[in-house]
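A.B. asks: One structure coming up, written as structure tokens, with questions to follow.
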Amino acid sequence: MDTTLLDAANAWIAGDPDPDTRAHLQALVDAGDEPEVRACVDGRLEFGTAGLRGVMGAGPLRMNRAVVIRTTRGLADHLLGVEGAADAGVVVGFDARHHSLQFAHDTVGVLAAAGIRVHFFPTPQPTPLVAYAQRVLGAAAGVVVTASHNPPEDNGYKVYAEGAAQIVPPTDARIAAAIAAVGPANEVPIVGVDHDLVGLLGGEVIDRYFADIAAARPSVDGPDLRIVYTPLHGVAGEHVLRALAEGGYADVHIVASQAEPDGAFPTVRFPNPEEPGAMDAAEALARDVDAALVLANDPDGDRLAAGYRPGDEVRLLSGNQIGVLLADHVLRNGDADRPLVISSIVSTPMLRSIGDAYGAHTEVTLTGFKWICAAARILELDGGHTFVFGFEEALGSSVGTVVRDKDGIGAAVVFADLVRSLHGAGQTIDDRLRDLARDHGLWVSHQLSITRPGASGRVEIDAAMARLAEVTPERLAGHEVVAATDFRVGAESRPAWLTTTDLVSLDLPDGRAMIRPSGTEPKCKIYVDLSSALGEDDDLDAATARLEQDAAEVAADLARFVGFE
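In the numbering used here, the protein residues as written are 3 to 567.
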């Protein structure tokens with residue numbers, strides 16, 4: 003085995019306080035399994051604006067107690083340099099994944115040992131509730147042990163800081179530097195969760211959360227709905243059921259096989275409501291009980307999926323459709339002064355037209371809810387706007403300022419309100435989508451992911467992006483390219499929430515095409531959004547199908563242009 007690799011493995015084993023992961027890595031070393039040892043120790047999980055996320059196992063490239071302990075000590079050292087942070091404290095929560103409880107206890111113990119007050123949820127809680135608690139308690143930071151909708155073998159460590167929002171540059175880099183300076187994990191001081199600096203959170207802050215999401219809901223009238231709901235084995239179930247009950251919904255059916263938190267996610271291959279098959283059980287129950295609405299969260303409760311039944315079928319809505327429906331609902335029924343709506347740059351441009359129709363200020367940000375919330379804070383403070391809604395196409399929505407992140411619990415009850423108001427007016431979701439298309443143009447979105455694994459794949463993806471720095475296509479599948487924006491340059495002329503990123507956007511007369519490499523997978527992603535007018539007598543489904551085919555051709559043409567065959 004390579005000497006450098008062996009030295010790295012032995013150093014990690016010597017500093018790992020967990021006997022299980024220590025023994026596992028030692029067994030790999032003893033077996034001479036160089037590929038597996040390299041996968042564990044040749045590098046480290048990178049701490050960024052999403053914190054940490056990865057496969058659980060031994061070594062610095064895996065999620066384990068040693069990584070959590072060192073990460074927490076780095077966060078503590080950063081906070082000790084911020085005036086008042088130690089007394090304000092850190093909110094800590096965790097989901098129901100394997101090892102989440104242990105990781106949370108390690109987080110609490112390291113913070114308390116460093117002299118930092120901790121506000122700890124001792125039972126599994128949804129991510130939005132932790133972010134909420136940080137805001138209302140005035141804590142300096144928040145930590146959630148969660149891997150959101152990742153596979154069962156993963157876990158993660160999500161950090162909130164200024165404004166109770168996810169960290170953004172330069173805070174992420176400062177914390178990462180502090181983590182890098184921490185010594186071996188078994189030398190980091192740690193205490194038990196019964197330490198004097200640790201206070202337990204529970205009913206009071208949870209009750210306050212429900213009162214605040216109720217207050218943020220626009221008031222509407224309409225009949226009760228029969229709703230099917232699934233938390234996909236996650237931790238949002240009891241909270242969504244409570245929110246719906248307090249919202250006046252008495253006819254709610256939960257998918258029994260997915261109702262209890264379970265880190266193994268036994269009924270789904272991948273616990274993400276966007277994945278094919280993940281919603282099958284909810285759809286089947288909706289048909290069985292004749293439900294009008296289907297709602298789902300991902301395992302940590304920050305995303306919302308929704309579907310409805312225009313007939314015998316269940317039709318699932320895209321993240322963009324949920325976003326524009328909620329935006330229209332909130333603006334139509336709200337009374338905010340100078341309302342502000344924000345979406346990520348890869349979400350549908352239709353939001354701007356809807357915002358304009360209600361006199362709202364509309365912004366787009368880089369991908370990730372951290373940027374949506376950063377923009378909201380700045381525009382509220384400097385521009386006097388009132389943030390009322392934000393969304394991203396990957397099923398993330400946030401209504402108002404209750405949580406400075408996406409909140410699948412608050413969004414669930416507001417989406418039910420939306421459907422209730424439609425039924426009260428004798429309309430359906432199809433009717434509202436058709437009205438929106440006629441008023442703002444029919445918009446469709448198409449994504450093309452091009453997978454290129456390994457080092458050679460990285461070279462191919464880099465070459466594709468480099469080509470667009472040299473030349474811009476004149477046309478894509480018959481659509482003229484009228485302008486191009488390369489987000490790798492020119493950040494000084496854009497707002498802070500549109501800083502430098504590896505993204506190129508091409509404007510078309512009837513939409514746009516964008517291309518970027520994935521930050522977490524060996525993929526290059528192409529996003530196409532096209533629009534067309536919808537006549538009074540046009541069939542919505544047929545027009546949508548034609549436009550979606552057109553968008554797919556634009557995406558394929560862009561892929562060919564940059565060299566993907």
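Glycine included, every Cβ here is placed at the ideal spot set by N, Cα and C.
If you're wondering where the values come from, they're calculated on a predicted model, not measured in any experiment.
Run through the DSSP bridge pairs and tell me what Asn157 is partnered with.
C.D. replies: On the sequence shown, position 155 is the one that residue 157 refers to. Per DSSP, Gly56.
A.B. asks: For Gly577, does the count of other Cβ atoms within 10 angstroms reach 16, so buried, or fall short, so exposed?
C.D. replies: As shown, the chain starts at 3 and ends at 567. That puts residue 577 outside it, with no answer to give.
A.B. asks: Taking the beta strand (DSSP E) that Ser534 belongs to, which residues open and close that run?
C.D. replies: By one-based count along the sequence shown, residue 534 stands at place 532. Per DSSP, Ser534 belongs to the beta strand (DSSP E) from Lys525 to Ser534.
A.B. asks: I'd like to confirm the pairing. Which residues does DSSP put opposite Phe389 in its beta bridges?
C.D. replies: Numbered from its first residue, the sequence shown carries residue 389 at position 387. Per DSSP, Leu342.
A.B. asks: Val132: buried (16+ other C-beta within 10 angstroms of its C-beta) or exposed?
C.D. replies: On the sequence shown, position 130 is the one that residue 132 refers to. Result: buried.
A.B. asks: For Tyr211 and Leu246, what's the separation of their Cα atoms in angstroms?
C.D. replies: Position 209 of the sequence shown, counted from the start, is the residue given in the question as residue 211. Position 244 of the sequence shown, counted from the start, is the residue given in the question as residue 246. Those two C-alpha atoms are separated by around 14 Å.
A.B. asks: In angstroms with no decimal places, state the Cα-to-Cα distance between Met352 and Val326.
C.D. replies: The sequence position of residue 352 within the sequence shown is 350, counting from 1. The sequence position of residue 326 within the sequence shown is 324, counting from 1. Answer to the nearest angstrom: the Cα atoms are 7 Å apart.
A.B. asks: Counting along the chain, where does the alpha helix (DSSP H) carrying Ile208 start and finish?
C.D. replies: Taking the sequence shown and counting its residues from 1, one reaches residue 208 at position 206. For Ile208, the enclosing alpha helix (DSSP H) has its first and last residue at Gly205 to Ala218.
A.B. asks: Which residue comes first and which comes last in the alpha helix (DSSP H) that contains Glu550?
C.D. replies: Position 548 of the sequence shown, counted from the start, is the residue given in the question as residue 550. It spans Leu542 to Phe563 - the alpha helix (DSSP H) in which Glu550 sits, taken as one unbroken run.
A.B. asks: Between Leu243 and Val254, is the Cβ-Cβ spacing less than 8 Å?
C.D. replies: On the sequence shown, position 241 is the one that residue 243 refers to. On the sequence shown, position 252 is the one that residue 254 refers to. The Cβ atoms of Leu243 and Val254 sit closer than 8 Å to each other.
A.B. asks: Suppose contacts are defined by Cβ-Cβ distances below 8 Å. Is Tyr251 in contact with Leu227 by that definition?
C.D. replies: Here residue 251 corresponds to residue number 249 of the sequence shown, with the count starting at 1. Here residue 227 corresponds to residue number 225 of the sequence shown, with the count starting at 1. Yes, the Cβ-Cβ distance between Tyr251 and Leu227 is below 8 Å.
A.B. asks: What are the complete beta strand (DSSP E) segments, minimum 3 residues, inside the region 387 to 440?
C.D. replies: Unbroken beta strand (DSSP E) runs of no fewer than 3 residues, entirely contained in the region 387 to 440, are found at 388 to 394 and 398 to 401, following chain order.
A.B. asks: So, for Ser534: in the same chain, excluding its five sequence neighbours on each side, which residues have a beta-carbon less than 6 Å away from its beta-carbon?
C.D. replies: In the sequence shown, residue 534 corresponds to position 532, counting from 1. Around Ser534: Leu444 and Leu549.
A.B. asks: Are the beta-carbon atoms of Thr369 and Ile344 separated by less than 8 Å?
C.D. replies: By one-based count along the sequence shown, residue 369 stands at place 367. By one-based count along the sequence shown, residue 344 stands at place 342. Taking 8 Å as the Cβ cut-off, Thr369 and Ile344 do not qualify as a contacting pair.
A.B. asks: Between Val147, Leu508 and Leu450, which lies nearest to Ala106 when the distance is taken from Cα to Cα?
C.D. replies: Position 104 of the sequence shown, counted from the start, is the residue given in the question as residue 106. Nearest of Val147, Leu508 and Leu450 to Ala106, Cα basis: Val147.
A.B. asks: Kindly identify the DSSP beta-bridge partner or partners of Leu508.
C.D. replies: Along the sequence shown, one-based indexing puts residue 508 at 506. Paired residue(s): Ala486 and Ala515.
A.B. asks: Could you tell me the distance, in whole angstroms, from the CA atom of Pro2 to the CA atom of Gly265?
C.D. replies: Only positions 3 to 567 of the chain appear in this structure, which leaves residue 2 out of reach.
A.B. asks: Where does Met467 fall in DSSP's three states?
C.D. replies: Reading the sequence shown from its first residue, position 465 is the one you call residue 467. It is helical.
A.B. asks: So for Glu365, helix, strand or coil by DSSP?
C.D. replies: Locating residue 365 in the sequence shown gives position 363, where the first residue counts as 1. Glu365 falls in the strand class under three-state DSSP.
A.B. asks: Cα separation between Ala498 and Gly402?
C.D. replies: For the purposes of this step, residue 498 is taken as the residue at position 496 of the sequence shown. For the purposes of this step, residue 402 is taken as the residue at position 400 of the sequence shown. Near 21 Å, if we compare the C-alpha coordinates of Gly402 and Ala498.
A.B. asks: Within the same chain, show all residues whose beta-carbon is closer than 7 Å to that of Val484, passing over the 5 residues directly before and after it, in chain order.
C.D. replies: Taking the sequence shown and counting its residues from 1, one reaches residue 484 at position 482. Once the five neighbours on either side are set aside, the close Cβ partners of Val484 are Asp509, Leu510 and Pro511.
A.B. asks: Hey, would you say Gly513 sits closer than 8 Å to Val530, going by beta carbons?
C.D. replies: Residue numbering aside, residue 513 sits at position 511 when the sequence shown is read from its first letter. Residue numbering aside, residue 530 sits at position 528 when the sequence shown is read from its first letter. Going by C-beta atoms, Gly513 is nearer than 8 Å to Val530.
A.B. asks: Please name the residue in Pro475, Gly185 and Glu462 whose C-alpha comes closest to that of Trp14.
C.D. replies: The residue given as residue 14 occupies position 12 in the sequence shown. When each option's Cα is compared against that of Trp14, the closest is Gly185.
A.B. asks: Mark Glu48 as exposed unless 16 or more other C-beta atoms lie within 10 angstroms of its C-beta, in which case mark it buried.
C.D. replies: Here residue 48 is taken as the residue at index 46 of the sequence shown, counted from 1. So Glu48 ends up on the exposed side.
A.B. asks: Among Arg434, Thr364, Ala180 and Gln449, which one has its Cα closest to the Cα of Gly50?
C.D. replies: Walking along the sequence shown from the start, residue 50 turns up at place 48. Considering only Arg434, Thr364, Ala180 and Gln449, the residue with the shortest C-alpha distance to Gly50 is Ala180.
A.B. asks: By Cβ distance, which residues of its chain are closer than 7 Å to Val112, with the 5 residues on each side in sequence left out?
C.D. replies: Within the sequence shown, the letter at position 110 stands for residue 112. Excluding sequence neighbours, Val112 sits near Ile71, Thr74, Arg75, Ala78, Val190 and Ile192.
A.B. asks: Residue range of the beta strand (DSSP E) that Asn299 falls in?
C.D. replies: As a first step, residue 299 must be located in the sequence shown, where it is residue number 297. Its beta strand (DSSP E) spans residues Leu295 to Asn299.
A.B. asks: Three or more beta-carbon pairs under 8 Å between the region 200 to 218 and the region 259 to 278, yes or no?
C.D. replies: no
A.B. asks: My understanding is that Tyr162 touches Leu54, with C-beta atoms under 8 Å, so please give their C-beta distance in whole angstroms.
C.D. replies: Locating residue 162 in the sequence shown gives position 160, counting from the first residue. Locating residue 54 in the sequence shown gives position 52, counting from the first residue. Actually they do not touch by this definition, with Cβ atoms about 14 Å apart.
A.B. asks: Is it right to say Ser423 is buried, meaning 16 or more other beta carbons lie within 10 angstroms of its own, or is it exposed?
C.D. replies: If you number the sequence shown from 1, residue 423 lands on position 421. That one is buried.
A.B. asks: Would you check if there are 3 or more beta carbon pairs closer than 8 Å linking the region 401 to 421 to the region 216 to 223?
C.D. replies: yes
A.B. asks: Quick check on the DSSP output: the beta strand (DSSP E) that includes Leu616 runs from which residue to which?
C.D. replies: This structure cannot settle anything about residue 616, because the visible part of the chain is limited to 3 through 567.
A.B. asks: Please list the terminal residues of the continuous alpha helix (DSSP H) segment that includes Gly17.
C.D. replies: The count along the sequence shown starts at 1 and reaches residue 17 at position 15. Going by DSSP, Gly17 is part of the alpha helix (DSSP H) stretching over Thr5 to Gly17.
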